[in-house]
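Going by the numbering used here, the residue at position 187 of the sequence shown is 205; the numbering climbs one at a time, nothing skipped.
One structure is given below, encoded as structure tokens.
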Amino acid sequence: MQPDDPIMQGPGERRVAEAAERIVDEGRPRLHRTWTSLVATSLLGGIDVGVGVMTLLFVRQVTGSELLAGLAFSVGLIALLLGHSELFTEGFLVPVATVIAGAASWLDLVRMWVTVLVMNLTGGWVFTWLVMQAYPDLHRTAAASGARFVDGGCTLGTFCLAVLGGGVITLMTRMHHGTESMAGKITASITTAFVLAGLGLWHSVLDSLIAFAGLHTGRTPYGYTDWLRWLAWAVLGNIVGGLLLTTGLRLVRSAPVLTGDNPSLKAGS
19 MQPDDPIMQG
29 PGERRVAEAA
39 ERIVDEGRPR
49 LHRTWTSLVA
59 TSLLGGIDVG
69 VGVMTLLFVR
79 QVTGSELLAG
89 LAFSVGLIAL
99 LLGHSELFTE
109 GFLVPVATVI
119 AGAASWLDLV
129 RMWVTVLVMN
139 LTGGWVFTWL
149 VMQAYPDLHR
159 TAAASGARFV
169 DGGCTLGTFC
179 LAVLGGGVIT
189 LMTRMHHGTE
199 SMAGKITASI
209 TTAFVLAGLG
219 LWHSVLDSLI
229 AFAGLHTGRT
239 PYGYTDWLRW
249 LAWAVLGNIV
259 GGLLLTTGLR
269 LVRSAPVLTG
279 DNPSLKAGS
């Protein structure tokens, strides 16, 4: 892209264009990964989030504070950032922008979404089993925490919690790509964890791992069938929030870059 292009005029628009190009540069290899790479990074994503869930449960039990527990969960999002692993709800802004730019197909996107979600849950299920075996003192807190989500029901209020959760985590992705500063990216991860977990927003992977921790104790009023119903509701809300509340509006502003005649965005597709 040349400096005299109309979309590059003005410092604000220049930053938007540069961020859009960084997004597509990252999204292209993510959507064209081998199955082995995709499965491995997704499993690691579930484990990284599991570390955050472990710290969240510990802080919640010791302090009784939801806000401090949410702040403690930031360990998981920082691990995702620095470990370059994959979280399902991080697959909205970057991959969708890449498809719209013509650097990948919608089939590539669906393949990534399904694989990442399943492997996140698999990795998280195993990790939370280990945590519950290692720390039996956490069983009561884990069971109560999981029941809060799974027993929440499919209501307008809980759907809005899931929409907000999807929007907030996608906003974190946008903030990560809005700066090249690692300190700025870590700050975005910490503040997102605080809002997401501290305020009790619904997140399909994070809260599933909390539900798994409860299920591993054998003390929950809910079972796996109840969790699956909850998961479908949470995933739907996360997708609506991630795609419409955050991604769609961001793509409108970046549309001249993504849909314009820019061979550099489509290279390698």
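Yeah, the Cβ is synthetic: ideal placement off N, Cα and C, and Gly gets one too.
Beyond the five residues adjoining it in sequence on each side, Leu105 comes within less than 7 Å, by CB distance, of Gly63, Val67, Leu98, Asn138 and Val223 in the same chain, given in chain order.
Restricted to the segment 118-206, the alpha helix (DSSP H) segments that are unbroken, complete and at least 4 residues in length are 124-152, 157-168 and 174-195, listed in chain order. Selection Phe110, Thr52 and His50 evaluated against Met190 yields Phe110 as nearest (Cα-Cα). Inclusion of Gly216 and Gly82 in the CB contact set at 8 Å is not warranted, their separation being larger than that value. Bounds of any alpha helix (DSSP H) do not take in Glu108, whose DSSP letter is neither H nor E. In the DSSP annotation of this structure, the continuous segment of the alpha helix (DSSP H) that includes Tyr242 starts and ends at Tyr242 to Val258. Closest in C-alpha terms to Trp220, from the list Thr173, Ile118 and Ile208, comes Thr173.
Contact between the segment 256-263 and the segment 199-216 is not established, with fewer than three Cβ pairs separated by less than 8 Å. Cβ atoms of Gly170 and Thr176 come within 8 Å of each other, at about 5 Å.
With respect to the 8 Å criterion, Arg40 and His195 are classified as neighbours on the basis of their beta carbons. Membership of Leu89 in the alpha helix (DSSP H) is indicated by the continuous run Glu84 to Ala90. Glu198 is classed as exposed because its beta carbon has fewer than 16 other beta carbons within 10 Å across all chains shown. DSSP places Trp53 in the uninterrupted alpha helix (DSSP H) bounded by Trp53 to Thr81.
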